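Scroll down for the structure; my scribbles are underneath it.
Protein chains: 2
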Amino acid sequence: MESNKPKTKNRENSCDSKPVFFNLLNDEQLNAVNANRFVVNFKAGETIVKQSSALTHILYIIQGKAKILLEGSEGQTILLKILKQPDVIGGPGFNTDYRHYFTAVALEDTKACFVDVNLFKRLVLSNQPFAMNLIAYLNREIINLYDKLKCLTHKHMNGRLADTLIYLSNDVYQNPEFTTKLSRSDIANMSCMTNESAIRTLKDFKDNGIIDFKGDYFKILKRDVLINISKKG
Amino acid sequence: MESNKPKTKNRENSCDSKPVFFNLLNDEQLNAVNANRFVVNFKAGETIVKQSSALTHILYIIQGKAKILLEGSEGQTILLKILKQPDVIGGPGFNTDYRHYFTAVALEDTKACFVDVNLFKRLVLSNQPFAMNLIAYLNREIINLYDKLKCLTHKHMNGRLADTLIYLSNDVYQNPEFTTKLSRSDIANMSCMTNESAIRTLKDFKDNGIIDFKGDYFKILKRDVLINISKKG
DNA sequence: AAATTAATATGATATATATCAGCTAATACC
DNA sequence: GGTATTAGCTGATATATATCATATTAATTT
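Protein chains in written order, with the working numbering: chain A, 1 to 233; chain B, 1001 to 1233.
What follows is the structure in structure tokens.
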């Protein structure tokens, strides 16, 4: 596998959830992975894995970014998170019914490495630290979902959009200013509100000098105010 | 450990998430658990574990029921689920920061068996099926949380309350009629709405002949209608 | 049994947010 | 290069749900 430096994650109330599985393999196991793995290039907008389809491989992102979408039965979608190197696209189908429980779409041109899920399972069974690391990773996922549940049920639009902006700036782009391929409607889906509401709330933040944006360029001007809005709901 | 028959779970879009860890132990491991474990009796309303406190034991419910609550910073609570034998009260603090990420409160008089978390960790490390089972369990938890997220963000009050009633009848009491120690405000917290809204929506269902209730007694009259309300949102 | 408290219920009102409609700017296509 | 199409934006309106106030009933306590 490619290099795999764990990154620090500053998001409020959530601990670092980067998976470092592949760091824990011994030479033999690493060779098995390298013999088995293959790399696929996705263009921006292409679907990497589709919800409900069979989970046959665990993916490791080498380059680019992927949107993780929860699709509802009526066409609604929640944009759960954005993954990038060294994140793993696996999902809760592993070791259950081996189906994908989310759709992953390339946000930009993205390179991902496919590892057969049966090999991955063998690694879990044969390598205790690998298994323990996976358990820790799943638990951190659960913690993040608890936070997301609280956020969505207890916070109003301002708070939810503030959370999204903080997440993008802190975790995804790691910069107070960033140019993104996310559309307004992606930002709305991340914050669980309509398109129009997201646009209106963004404009409101801009009018109040909290952020600036033009097209796909965004800049966090008053991070502390944004954090405060997030806290107040 | 006590007997541990897996139960079938009929809930929409969610697979059986009963943990069957302790079935997978060999004699030696079972002896270690039995030598280490101790049983505590909780009266209805007593706190079993408190959010943010140290996770020192994994609990196995022998008798009774426990409400699992996510507490927000501003006093808001989400009632996530209700656990009963043979459910395990562990939580995502295991193998991460060893803190509790929810509060568990005895809904009725409840008996739980405490297993030291270090012993539990040793079991995970020394017993592959046990570890794989834990991973499957965590993934099912994640699947349930995905469903919960979709439910809360895409469904209106009718749909959310219908989900709660179906859950209580199918999973918790396994009977179309039941007497519960859950208050109206518990039901509201399960459905993520205010007290008043829960009461109003319950009355609405009653007026339409979908359910009947009086005090703490509930009866599902038209399960199919309820399921339809849940689907429509 | 009376008195206090808490839980449940109901109505009136406020508010957050979605929906609908129209409009502008940017991008894709012929 | 001009037209078509999509994404972004704005305003008016509708609706779901929370909030507040106030009964009513049930559960405790005295």
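All C-beta atoms, glycine included, are put in the ideal place defined by N, C-alpha and C. Predicted model, so just to flag it, every value in this text is computed and none were measured.
Buried versus exposed, by CB contacts within 10 Å (16 or more), residue i
i, result
"S53 of chain A", "exposed"
"A1035 of chain B", "exposed"
"P1176 of chain B", "exposed"
"N1133 of chain B", "buried"
"D1186 of chain B", "buried"
"G215 of chain A", "exposed"
"N95 of chain A", "buried"
"G1075 of chain B", "exposed"
"K148 of chain A", "buried"
"E1141 of chain B", "buried"
"S1191 of chain B", "buried"
"D1207 of chain B", "exposed"
"N139 of chain A", "buried"
"K1150 of chain B", "buried"
"F120 of chain A", "buried"
"A44 of chain A", "exposed"
"T1056 of chain B", "exposed"
"G1209 of chain B", "exposed"
"N118 of chain A", "exposed"
"T194 of chain A", "exposed"
"T110 of chain A", "buried"
"D1027 of chain B", "exposed"
"D1224 of chain B", "exposed"
"V39 of chain A", "exposed"
"H100 of chain A", "buried"
Beta-ladder partner(s) of residue i, from DSSP
i, result
"N1041 of chain B", "B:K1111"
"T179 of chain A", "A:Y217"
"T1077 of chain B", "B:E1071"
"D1212 of chain B", "B:K1219"
"F83 of chain A", "Looking at the sequence shown, residue 83 of chain A is not Phe but Leu. DSSP lists A:A66 as partners of L83 of chain A."
"Y60 of chain A", "A:V88, A:C113"
"R99 of chain A", "A:A54"
"V1033 of chain B", "Paired residues: none, contrary to the question."
"V225 of chain A", "Beta-bridge pairing links V225 of chain A to no other residue."
"V1020 of chain B", "Its beta-bridge partners do not exist; DSSP assigns none."
"T47 of chain A", "A:V105"
Proximity test, Cβ basis, 8 Å: residue i and chain A
i, result
"T1110 of chain B", "no"
"E1012 of chain B", "In this prediction, E1012 of chain B scores a pLDDT of 38, lower than 50, which makes its location untrustworthy; no coordinate-derived value is stated."
"A1131 of chain B", "yes"
"F1024 of chain B", "Checking the displayed sequence, the identity of residue 1024 of chain B turns out to be Leu instead of Phe. L1024 of chain B does not count as touching chain A."
"Q1128 of chain B", "yes"
"N1031 of chain B", "no"
"I1135 of chain B", "yes"
"C1015 of chain B", "With a pLDDT of only 47 at C1015 of chain B, under 50, the local geometry of the prediction cannot be trusted, and the value read off the model is given with reservation. Closer than 8 Å: yes."
"F1021 of chain B", "no"
"T1103 of chain B", "no"
"P1241 of chain B", "Outside the shown range of chain B, which is 1001 to 1233, sits residue 1241 of chain B, and nothing can be said about it."
"D1224 of chain B", "no"
Closer than 8 Å to chain B by CB, residue i
i, result
"L138 of chain A", "yes"
"F96 of chain A", "At residue 96 of chain A the sequence reads Thr, which differs from the Phe that was named. Chain B contact via Cβ: present."
"P92 of chain A", "yes"
Point to revise | 4-residue-minimum alpha helix (DSSP H) runs that sit fully inside the segment 1101 to 1131 of chain B, ordered along the chain | key: 1117 to 1126
Practice item. Taking a Cβ distance cut-off of 8 Å, strictly less, list which residues of the segment 142 to 169 of chain A are near chain B, in chain order. Key: I142, I143, L145, Y146, K148, L149, K150, L152, T153, H154
Review point. For the segment 1070 to 1082 of chain B, which residues have a CB atom closer than 9 Å to at least one CB atom of chain A, in sequence order?
Key: L1070, E1071, G1072, S1073, E1074, Q1076, I1078, L1080
Exercise for review: Quick one: which residues of the segment 113 to 127 of chain A get their C-beta closer than 9 Å to a C-beta of chain B? List them in chain order.
Suggested key: K121, V124, L125, S126
Exercise for review: Report the residue ranges of all beta strand (DSSP E) runs contained in full by the segment 1166 to 1210 of chain B; include only those spanning at least 3 residues, in chain order.
Suggested key: 1177 to 1179
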